[in-house]
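In this text, residue positions in the sequence shown follow the working numbering: the first is 17, and each later residue adds one.
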Amino acid sequence: MLDSQKSLREREYSKDRRAETGRSYSTISPGELPADLGDRKQKWQQDFLRAKKEGYSRDYLELIKQYYEALFEKAQPRR
């Protein structure tokens, strides 16, 4: 067993390897998320569930869902 592990290590070794020193990269951090981002989504979900309980037709519920999704998408910060 030890011989097989040794041969695997020797097989993976290559003399063509070169070492390079680490480089320093500058990064740009994204802006902060809005403080109420999670609340917005939760409110959207509550409003949609309330609309479902009102007994609207399936087509009208789909329009309501698209409306809230558009609002939520517009409120999210762009990356």
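Just so it is clear, CB atoms sit at the ideal spot from N, CA and C, and this is done for glycine as well.
Supposed contact pair residue j and residue i - C-beta distance, whole angstroms, cut 8 Å
i     : j     : result
Arg66 : Phe88 : In fact, because the Cβ distance is near 16 Å, the residues do not count as touching under 8 Å.
Asp63 : Tyr84 : 7 Å
Lys68 : Leu77 : 6 Å
Three-state class that DSSP yields for residue i in the structure shown
i     : result
Ala96 : This structure cannot settle anything about residue 96, because the visible part of the chain is limited to 17 through 95.
Glu89 : helix
Ile44 : coil
Asp32 : coil
Tyr76 : helix
Arg56 : helix
Arg66 : helix
Spatial neighbours of residue i in its chain, beta-carbon cut-off 6 Å, leaving aside the 5 residues before and after
i     : result
Trp60 : Tyr84, Phe88
Own chain, CB closer than 7 Å to residue i, minus 5 neighbours either side, in chain order
i     : result
Ala91 : Arg56
Other residues of its chain near residue i: CB distance less than 8 Å, five sequence neighbours each side excluded
i     : result
Tyr72 : Ile80
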